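Asker: The structure follows.
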Amino acid sequence: MVDLIGKKVVLRALEPEDLEFLYALENDTRLWEISGTQTPYSKHILKQYLENAHRDIYEVKQLRLAICDIKETLVGLIDLFDFDPKNQRIGLGIVISNQEDRNQGMGAEAIEIVTSFAFSSLQVRQVYANVLEDNVASVHLFNKMGFSQTGARKEWIRSDGQFKNELLFQKFNPTCI
C-alpha cells in the first residue's frame with residue numbers, strides 16, 4: 735500500500751467537515767469548464783455526497799481525496815475517476831483552490847502520490863488526464879510529472895461562446911511496460 739503522506743501534502747478521505755470547502759469549490763463558476771458542471775450544487779446534495787464518499791472505488795469507479803498541507807489545512811482535491819479495471823486505466827483530476835497555494839509543489843506531490851497509489855494498489859497500467867490547451871500551468875505540471883501529451887480533441891469544450899481544445903496526457907506504469 736502506498737503511503738498517502740508526502741513532504742508537502744497529506745491526502746486523506748473526505749470528512750463531513752469539508753462541506754463548506756466542497757460547496758465553495760463546486761460552485762466556483764471559474765472551474766465549471768474543466769469539471770463539466772452546468773448548475774450549482776446545494777449543500778444538501780453535497781452533504782449526501784460526503785455521506786457516500788466512503789463507497790468502494792471498484793463499485794463507484796471513482797475516488798476523491800482531500801489535499802491538505804503539512805498544517806492539515808485543506809487546500810484542494812484530487813480525483814481518480816472512470817476507473818476501468820478491465821482495461822487497467824483511470825483518469826486523474828486535480829484542483830488547488832487558492833491561487834496563493836499554487837506553484838508551491840503541493841499539486842505535483844499530490845499527483846505523484848496518487849499516481850503511485852493507482853499503479854501499485856489499483857494495479858492500473860495507465861493514468862490519464864484531460865487538460866484544456868490554454869491551461870498553461872496544468873500543461874506544464876503534467877509534463878513535469880512525466881505524463882506525455884498523446885492527443886488533442888479539437889474544439890472540444892465550449893466556454894464563453896468559444897470552443898477550446900482539450901489535450902490528453904497519459905502516464906504508463908513503469909512496471910507494466
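Counted from 1, the sequence shown has number 807 at position 73 by my numbering; the numbering is strictly sequential.
All residues carry an ideal CB built from backbone N, CA and C; glycine is no exception.
Keep in mind the model is a prediction, meaning the values are calculated, not measured.
If I measure Cβ to Cβ from K777 and keep anything under 8 Å in the same chain, skipping five residues before and after, which residues do I get?
Answerer: L753 and Y757.
Asker: If I follow the unbroken alpha helix (DSSP H) through E754, where does it start and stop?
Answerer: L753 to E760 is the extent of the alpha helix (DSSP H) around E754.
Asker: For K878 and V865, what's the separation of their Cα atoms in angstroms?
Answerer: Cα to Cα, the separation comes out at about 14 Å.
Asker: Report all residues from its chain with a CB closer than 8 Å to the CB of N761; omit the five preceding and five following residues, and keep chain order.
Answerer: Here the set comprises P774 and Y775.
Asker: Spatial neighbours of R798 within its chain, please: CB distance less than 7 Å, with the 5 preceding and 5 following residues excluded, ordered by chain position.
Answerer: L748, A787, L811 and D813.
Asker: Got a sec? Which residues, its chain only, sit under 6 Å from G825 by beta carbon, not counting five neighbours each side?
Answerer: Closer than 6 Å at the Cβ level, and outside the excluded window around G825, lie F815, D816 and Y862.
Asker: If you compare alpha carbons, which of R764, L780, K742 and G770 is closest to E751?
Answerer: Nearest C-alpha to E751: L780.
Asker: Helix or strand or just coil, what does DSSP make of N837?
Answerer: N837: coil per DSSP, three-state reduction.
Asker: Classify Q904 as helix, strand or coil using the three-state DSSP reduction.
Answerer: Here Q904 sits in strand by DSSP.
Asker: For the putative contact between E767 and S893, defined by C-beta atoms under 8 Å, what is the C-beta separation to the nearest angstrom?
Answerer: Their Cβ separation, rounded to whole angstroms, is 4 Å, which keeps E767 and S893 in contact under 8 Å.
Asker: What whole-angstrom Cβ distance do K898 and G839 have, given they're in contact under 8 Å?
Answerer: With 8 Å as the limit, K898 and G839 do not qualify as a contact, their Cβ atoms being about 27 Å apart.
Asker: By Cβ distance below 6 Å, which residues in the same chain neighbour R836 in space, the five residues on each side in sequence not counted?
Answerer: The answer, listed in chain order, is I830.
Asker: Report the three-state DSSP secondary structure of M735 (helix, strand or coil).
Answerer: Residue confidence for M735 is low, a pLDDT of 46 falling below 50, so the modelled location carries little weight; the figure read from the coordinates is stated next. Here M735 sits in coil by DSSP.
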